[in-house]
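Protein sequence lines, in the order shown, are assigned to chains A, B, C, D, E, F and G.
If you number the first sequence the way this note's numbering does, the last residue is 94 and the count never jumps.
If you number the second sequence the way this note's numbering does, the last residue is 94 and the count never jumps.
If you number the third sequence the way this note's numbering does, the last residue is 94 and the count never jumps.
If you number the fourth sequence the way this note's numbering does, the last residue is 94 and the count never jumps.
If you number the fifth sequence the way this note's numbering does, the last residue is 94 and the count never jumps.
If you number the sixth sequence the way this note's numbering does, the last residue is 94 and the count never jumps.
If you number the seventh sequence the way this note's numbering does, the last residue is 94 and the count never jumps.
Structure first, then comments.
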Amino acid sequence: MQLRRILIDVLKPHDPSIIVYAEKLAALKCVDGVNILVVEIDDKTESIGVTIEGGSLNFNSIEKVIEKLGGSIHSVDMVSAGSHVVEAASEESG
Amino acid sequence: MQLRRILIDVLKPHDPSIIVYAEKLAALKCVDGVNILVVEIDDKTESIGVTIEGGSLNFNSIEKVIEKLGGSIHSVDMVSAGSHVVEAASEESG
Amino acid sequence: MQLRRILIDVLKPHDPSIIVYAEKLAALKCVDGVNILVVEIDDKTESIGVTIEGGSLNFNSIEKVIEKLGGSIHSVDMVSAGSHVVEAASEESG
Amino acid sequence: MQLRRILIDVLKPHDPSIIVYAEKLAALKCVDGVNILVVEIDDKTESIGVTIEGGSLNFNSIEKVIEKLGGSIHSVDMVSAGSHVVEAASEESG
Amino acid sequence: MQLRRILIDVLKPHDPSIIVYAEKLAALKCVDGVNILVVEIDDKTESIGVTIEGGSLNFNSIEKVIEKLGGSIHSVDMVSAGSHVVEAASEESG
Amino acid sequence: MQLRRILIDVLKPHDPSIIVYAEKLAALKCVDGVNILVVEIDDKTESIGVTIEGGSLNFNSIEKVIEKLGGSIHSVDMVSAGSHVVEAASEESG
Amino acid sequence: MQLRRILIDVLKPHDPSIIVYAEKLAALKCVDGVNILVVEIDDKTESIGVTIEGGSLNFNSIEKVIEKLGGSIHSVDMVSAGSHVVEAASEESG
Numbered sequence: 001m002q003l004r005r006i007l008i009d010v011l012k013p014h015d016p017s018i019i020v021y022a023e024k025l026a027a028l029k030c031v032d033g034v035n036i037l038v039v040e041i042d043d044k045t046e047s048i049g050v051t052i053e054g055g056s057l058n059f060n061s062i063e064k065v066i067e068k069l070g071g072s073i074h075s076v077d078m079v080s081a082g083s084h085v086v087e088a089a090s091e092e093s094g
Numbered sequence: 001m002q003l004r005r006i007l008i009d010v011l012k013p014h015d016p017s018i019i020v021y022a023e024k025l026a027a028l029k030c031v032d033g034v035n036i037l038v039v040e041i042d043d044k045t046e047s048i049g050v051t052i053e054g055g056s057l058n059f060n061s062i063e064k065v066i067e068k069l070g071g072s073i074h075s076v077d078m079v080s081a082g083s084h085v086v087e088a089a090s091e092e093s094g
Numbered sequence: 001m002q003l004r005r006i007l008i009d010v011l012k013p014h015d016p017s018i019i020v021y022a023e024k025l026a027a028l029k030c031v032d033g034v035n036i037l038v039v040e041i042d043d044k045t046e047s048i049g050v051t052i053e054g055g056s057l058n059f060n061s062i063e064k065v066i067e068k069l070g071g072s073i074h075s076v077d078m079v080s081a082g083s084h085v086v087e088a089a090s091e092e093s094g
Numbered sequence: 001m002q003l004r005r006i007l008i009d010v011l012k013p014h015d016p017s018i019i020v021y022a023e024k025l026a027a028l029k030c031v032d033g034v035n036i037l038v039v040e041i042d043d044k045t046e047s048i049g050v051t052i053e054g055g056s057l058n059f060n061s062i063e064k065v066i067e068k069l070g071g072s073i074h075s076v077d078m079v080s081a082g083s084h085v086v087e088a089a090s091e092e093s094g
Numbered sequence: 001m002q003l004r005r006i007l008i009d010v011l012k013p014h015d016p017s018i019i020v021y022a023e024k025l026a027a028l029k030c031v032d033g034v035n036i037l038v039v040e041i042d043d044k045t046e047s048i049g050v051t052i053e054g055g056s057l058n059f060n061s062i063e064k065v066i067e068k069l070g071g072s073i074h075s076v077d078m079v080s081a082g083s084h085v086v087e088a089a090s091e092e093s094g
Numbered sequence: 001m002q003l004r005r006i007l008i009d010v011l012k013p014h015d016p017s018i019i020v021y022a023e024k025l026a027a028l029k030c031v032d033g034v035n036i037l038v039v040e041i042d043d044k045t046e047s048i049g050v051t052i053e054g055g056s057l058n059f060n061s062i063e064k065v066i067e068k069l070g071g072s073i074h075s076v077d078m079v080s081a082g083s084h085v086v087e088a089a090s091e092e093s094g
Numbered sequence: 001m002q003l004r005r006i007l008i009d010v011l012k013p014h015d016p017s018i019i020v021y022a023e024k025l026a027a028l029k030c031v032d033g034v035n036i037l038v039v040e041i042d043d044k045t046e047s048i049g050v051t052i053e054g055g056s057l058n059f060n061s062i063e064k065v066i067e068k069l070g071g072s073i074h075s076v077d078m079v080s081a082g083s084h085v086v087e088a089a090s091e092e093s094g
């Protein structure tokens with residue numbers, strides 16, 4: 001079934017910037033939109049959170065774009081799949 | 001009566017990834033959508049929170065998919081059943 | 001006047017699961033929907049928060065279902081009654 | 001002018017339950033809906049927060065119902081009156 | 001230009017109650033709705049937060065009602081004026 | 001391009017009150033609405049947060065009104081400009 | 001693909017004010033709206049958070065405007081690209 005939304009934690013050199021990452025990922029046919037948030041900046045690298053949405057995401061092509069730009073996927077932290085996007089239910093009441 | 005939403009706590013080896021879990025669960029006929037959140041990562045396993053929504057969820061088939069992928073259901077933390085999805089009422093005011 | 005929503009604190013043995021509780025409660029004629037949240041898990045028992053909504057809830061039949069399944073109502077923590085569901089007003093401003 | 005919403009702090013013996021309070025208050029002609037939240041449980045009494053909404057609430061008849069059931073109004077903590085319900089403005093920005 | 005919403009901090013004796021304050025203020029021609037919240041209760045007095053909304057509030061008539069009931073305006077903590085009600089902007093980001 | 005919203009920090013003597021400030025600012029042609037929040041009250045002065053919205057705000061005329069009333073602009077803390085009002089993006093995730 | 005929203009951290013001298021920055025940035029053809037928030041004020045400089053939205057933002061022209069006004073981009077903290085604006089997914093549940 002279709003992968004609708006994915007949140008991945010990526011480690012990348014400072015260059016190219018997250019603007020390039022966002023533009024290249026958004027250019028993928030399977031991708032509707034991308035949000036990139038800088039989570040931590042170190043001396044030579046930065047850790048970024050990449051949220052990608054689409055009707056049917058192709059993880060392999062996403063991974064390829066990221067690696068081609070010099071980044072590496074550290075972890076996949078959240079995914080949504082199915083005919084509609086499901087939010088994570090909270091274990092807290094109301 | 002119909003089970004509409006369920007939140008389960010699953011322990012799994014790192015492989016296969018949560019992408020595979022989400023795709024396989026979303027492929028079930030009774031499932032409309034799935035959200036998987038990584039809660040904790042250990043050396044060989046990870047703990048994930050799986051939220052599943054559907055018109056009438058079949059818990060047995062959900063459990064089978066998870067076990068077939070090598071995961072085990074640690075607990076069922078929340079369920080909603082009935083003609084509409086009820087949110088947990090808060091014991092806090094306003 | 002009609003009881004519209006109720007939040008009850010139930011103590012139950014681990015078995016049957018909250019899935020069974022939700023399905024049996026949602027099967028009551030007076031019930032539109034049920035949400036069950038696991039609040040605390042002990043060695044032999046668990047404490048659950050049960051939110052039930054309906055057009056005119058019958059507390060006796062709800063209590064019977066819970067007791068038949070081996071649970072006991074520890075307390076009724078919130079109720080709403082009337083022609084529409086009223087949320088608890090907050091004593092905090094805005 | 002019409003009293004639209006009121007939040008009262010009531011001290012009551014455990015019996016009758018808040019379900020009876022909610023039903024009796026909701027049965028008043030001036031009342032559209034009632035929410036009762038248990039705030040504190042002591043040995044012989046409990047403190048409850050009662051939110052009542054209506055087109056034009058009659059405080060005397062509300063007070064009578066509560067006293068007839070054995071409860072006593074400890075304080076009136078919030079009221080709204082006028083042609084529409086006004087929420088409390090916050091002294092915090094945005 | 002029109003004063004649309006005002007939040008005032010009032011010190012009053014316990015009697016008359018905030019219900020009377022709300023009803024008298026809501027009875028003013030310029031007032032659409034009133035919310036009164038009890039902020040602090042002391043031995044002989046209480047401090048209340050009074051939020052008043054209207055198309056074009058007349059502060060003098062509001063002040064007169066409060067003083068006639070034995071209360072005194074301690075401070076005006078928030079006002080909105082203009083052709084529409086503006087919320088306070090936050091200095092915190094999104 | 002048009003200035004749509006502005007948040008300014010103003011220091012003023014207690015007199016005239018924020019009601020007068022709000023009315024005078026809202027009377028400016030370029031202003032649609034004003035919100036004033038008292039942030040801190042000192043012996044002789046008070047610090048207020050003034051949020052002003054309009055289709056095309058004229059900062060000079062705003063400043064003139066404030067200075068004429070005896071206040072001084074301590075800082076401009078937030079501005080929005082453009083064809084629509086943009087909220088500040090959060091550096092925190094969702 | 002189109003850059004839709006960007007959050008940049010800019011260091012600038014106190015003069016010109018953020019009003020000028022907002023007006024100049026909003027005047028760019030690619031920009032629909034700008035929000036500027038003062039994050040920290042130092043002796044000679046201030047740190048500001050600039051959120052810019054548009055159908056297809058041109059980062060170079062944005063950078064030029066900022067540098068021409070004497071500011072320097074310290075970091076790009078968030079970007080959104082694609083056919084619709086994606087919010088950052090939270091790693092926290094619901």
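Backbone N, C-alpha and C fix where the C-beta goes; we use that ideal spot for every residue, glycine too.
Predicted model only: the values in this text are computed from it and were never measured.
Query raised in the report: Could you give the C-beta distance for glutamate 63/C and alanine 81/B, rounded to a whole number, given that I count them as a contact under 8 Å?
Result: Residue numbering aside, residue 63/C sits at position 63 when the third sequence is read from its first letter. Residue numbering aside, residue 81/B sits at position 81 when the second sequence is read from its first letter. Not confirmed; about 18 Å, so no contact.
Requested in this report: Compare the C-beta of histidine 84/G with all C-beta atoms of chain A and state if any pair is closer than 8 Å.
Outcome: Stepping through the seventh sequence from its first residue, residue 84/G is reached at position 84. Taking 8 Å as the threshold, the shortest C-beta distance from histidine 84/G to chain A falls below it.
Query raised in the report: When you compare only the Cα positions, how much space is there between valine 34/G and histidine 74/G?
Result: Within the seventh sequence, the letter at position 34 stands for residue 34/G. Within the seventh sequence, the letter at position 74 stands for residue 74/G. Computed Cα separation, rounded: 18 Å.
Query raised in the report: The beta strand (DSSP E) with alanine 88/D in it runs from where to where?
Result: The residue given as residue 88/D occupies position 88 in the fourth sequence. Bounds of any beta strand (DSSP E) do not take in alanine 88/D, whose DSSP letter is neither H nor E.
Query raised in the report: Using 8 Å as the threshold, is the stretch 44-57 of chain F in touch with the stretch 17-31 of chain F, meaning 3 or more CB pairs across them?
Result: Counting Cβ pairs under 8 Å, three or more are found: they touch.
Query - Beta-carbon contacts of serine 17/A that lie in its chain and below 7 Å, excluding the five residues immediately before and after - result: Counted from its first residue, the first sequence places residue 17/A at position 17. In the same chain as serine 17/A, and ignoring 5 residues on each side of it, no C-beta atom comes closer than 7 Å to its own.
Requested in this report: Could you tell me whether the Cβ of leucine 37/C comes closer than 8 Å to any Cβ of chain D?
Outcome: One-based indexing of the third sequence puts residue 37/C at position 37. Leucine 37/C has a beta carbon lying at 8 Å or more from every beta carbon in chain D.
Report task. Determine the extent of the beta strand (DSSP E) in which lysine 12/G is found, giving its start and end residues. Result -> Taking the seventh sequence and counting its residues from 1, the one referred to as residue 12/G is at position 12. Run containing lysine 12/G: 3-13, per the beta strand (DSSP E) assignment.
Query raised in the report: Does DSSP classify leucine 25/D as helix, strand or coil?
Result: For the purposes of this step, residue 25/D is taken as residue 25 along the fourth sequence, with counting starting at 1. Helix, per DSSP.
Query raised in the report: What's the C-alpha gap between lysine 44/B and aspartate 15/B?
Result: Residue numbering aside, residue 44/B sits at position 44 when the second sequence is read from its first letter. Residue numbering aside, residue 15/B sits at position 15 when the second sequence is read from its first letter. Between lysine 44/B and aspartate 15/B, the alpha-carbon positions lie close to 9 Å from each other.
Requested in this report: Under 7 Å Cβ to Cβ from serine 61/B, same chain only, skipping five residues before and after it: list those, please.
Outcome: Looking up residue 61/B in the second sequence gives position 61. The answer, listed in chain order, is Leu28 and Cys30.
Query raised in the report: What's the gap between the Cα of isoleucine 66/G and the Cα of asparagine 58/G?
Result: As a position in the seventh sequence, residue 66/G is number 66, starting the count at 1. As a position in the seventh sequence, residue 58/G is number 58, starting the count at 1. If you take the alpha carbons of isoleucine 66/G and asparagine 58/G, they lie about 13 Å apart.
Query raised in the report: Should glutamate 98/C go down as buried or exposed, given a rule of 16 or more other Cβ atoms within 10 Å for buried?
Result: Residue coverage of chain C in this structure runs from 1 to 94, which leaves residue 98/C outside it and unanswerable.
Requested in this report: Determine the extent of the beta strand (DSSP E) in which serine 61/A is found, giving its start and end residues.
Outcome: Counting from 1 along the first sequence, the entry for residue 61/A is found at position 61. Under the DSSP assignment, serine 61/A falls outside any beta strand (DSSP E), being part of the alpha helix (DSSP H) whose first and last residues are 59-68.
Query raised in the report: So is glycine 71/B buried or exposed if we call it buried at 16+ other beta carbons inside 10 Å?
Result: The residue labelled residue 71/B in the question sits at position 71 within the second sequence. Glycine 71/B should be labelled buried.
Query raised in the report: So, using beta-carbon positions, are valine 56/A and leucine 3/A closer together than 8 Å?
Result: In the first sequence, counting from the first residue as 1, residue 56/A sits at position 56. In the first sequence, counting from the first residue as 1, residue 3/A sits at position 3. Looking at the sequence itself, residue 56/A is serine, so the reference to valine does not match. Yes. Within cutoff.
Query - Residues near isoleucine 8/A in its chain [Cβ-Cβ closer than 6 Å; skip 5 each side] - result: As a first step, residue 8/A must be located in the first sequence, where it is residue number 8. Only Val50, Ile73 and Val76 meet the Cβ criterion.
Query - DSSP-derived helix/strand/coil call for glycine 94/C - result: On the third sequence, residue 94/C is found 94 positions in, with the first residue counted as 1. Model confidence at glycine 94/C stands at a pLDDT of 44, short of 50, so the residue's coordinates are unreliable; what they give is reported in the following sentence. Glycine 94/C falls in the coil class under three-state DSSP.
Query raised in the report: Buried or exposed: lysine 12/F, going by 16 or more other Cβ atoms within 10 Å of its Cβ?
Result: In the sixth sequence, residue 12/F corresponds to position 12, counting from 1. Label assigned to lysine 12/F: buried.
Report task. Locate the beta strand (DSSP E) running through histidine 95/G, then write down its first and last residues. Result -> The structure shown does not extend to residue 95/G, since chain G is modelled only from 1 through 94, so no value can be given for it.
Query - Contact with chain C by asparagine 58/D, beta-carbon distance below 8 Å - result: Sequence index remark: in the fourth sequence, residue 58/D carries index 58 (1-based). Not closer than 8 Å to any Cβ of chain C, the Cβ of asparagine 58/D fails to qualify, so no.
**Report entry** Residue from His84/C, Ser83/C and Val79/C whose Cα sits closest to the Cα of alanine 88/B
**Finding:** Here residue 88/B corresponds to residue number 88 of the second sequence, with the count starting at 1. For the residues His84/C, Ser83/C and Val79/C, the minimum Cα distance to alanine 88/B belongs to Val79/C.
Query raised in the report: valine 31/E by DSSP, collapsed to three states: which one?
Result: As a working note, residue 31/E is residue 31 in the fifth sequence. Valine 31/E: coil per DSSP, three-state reduction.
Query raised in the report: With a cut-off of 8 Å, does the C-beta of leucine 105/C fall near any C-beta of chain D?
Result: The structure shown does not extend to residue 105/C, since chain C is modelled only from 1 through 94, so no value can be given for it.
Query raised in the report: How would you write the range of the beta strand (DSSP E) that glycine 55/D sits in, first residue to last?
Result: In the fourth sequence, counting from the first residue as 1, residue 55/D sits at position 55. Segment: none, glycine 55/D is in no beta strand (DSSP E) and carries neither H nor E.
Query raised in the report: Nearest to isoleucine 6/E by alpha carbon, out of Ile36/F, Arg5/F and His84/F?
Result: For this step, residue 6/E is matched to residue 6 along the fifth sequence. Of the candidates Ile36/F, Arg5/F and His84/F, the residue whose Cα lies closest to the Cα of isoleucine 6/E is Ile36/F.
**Report entry** Cβ of serine 61/B within 8 Å of any chain J Cβ
**Finding:** In the structure shown, chain J cannot be found, because the protein chains are A, B, C, D, E, F and G.
Query - Given glycine 54/G as reference, the closest of Ile19/G, Ser83/G and Val10/G once Cα atoms are compared - result: Within the seventh sequence, the letter at position 54 stands for residue 54/G. Comparing Cα-Cα distances from glycine 54/G to each of Ile19/G, Ser83/G and Val10/G, the minimum goes to Ser83/G.
Query raised in the report: Using 8 Å as the limit for Cβ to Cβ distance, is aspartate 43/A near chain G?
Result: For the purposes of this step, residue 43/A is identified with residue 43 of the first sequence, where counting begins at 1. Taking a beta-carbon distance threshold of 8 Å, aspartate 43/A does not count as an interface residue toward chain G.
Query raised in the report: Thinking C-alpha only, which one of Asp32/A, Val20/A and Leu69/A is nearest valine 85/G?
Result: As a position in the seventh sequence, residue 85/G is number 85, starting the count at 1. Distances from the CA of valine 85/G to each of Asp32/A, Val20/A and Leu69/A were compared; the closest alpha carbon is that of Asp32/A.
Query raised in the report: Does DSSP classify valine 20/E as helix, strand or coil?
Result: Here residue 20/E refers to the residue found at position 20 when the fifth sequence is read from its first residue. Valine 20/E: helix per DSSP, three-state reduction.
**Report entry** Euclidean distance between Cα positions of lysine 68/G and isoleucine 19/G
**Finding:** Taking the first residue of the seventh sequence as position 1, residue 68/G is located at position 68. Taking the first residue of the seventh sequence as position 1, residue 19/G is located at position 19. Distance between the alpha carbons of lysine 68/G and isoleucine 19/G: 15 Å.
Requested in this report: Rounded to whole angstroms, what's the CA-CA distance from tyrosine 21/G to tyrosine 21/B? Just pull it up for me.
Outcome: What you label residue 21/G is simply residue 21 of the seventh sequence in a count that begins at 1. What you label residue 21/B is simply residue 21 of the second sequence in a count that begins at 1. If you take the alpha carbons of tyrosine 21/G and tyrosine 21/B, they lie about 48 Å apart.
Query raised in the report: Given that alanine 81/D touches chain C, what residues does it touch there, using C-beta distances under 9 Å?
Result: Working through the fourth sequence from its first residue, we reach residue 81/D at position 81. Within chain C, no residue has its CB atom less than 9 Å from the CB of alanine 81/D, the nearest being about 14 Å off.
Query - Straight-line gap, glycine 94/A to valine 10/C (C-alpha atoms, nearest Å) - result: The residue labelled residue 94/A in the question sits at position 94 within the first sequence. The residue labelled residue 10/C in the question sits at position 10 within the third sequence. Caution applies to glycine 94/A, whose pLDDT of 44 falls short of 50 and renders its modelled position unreliable; the value that the coordinates give is listed next. Rounded to whole angstroms, glycine 94/A to valine 10/C spans 17 Å at the Cα level.
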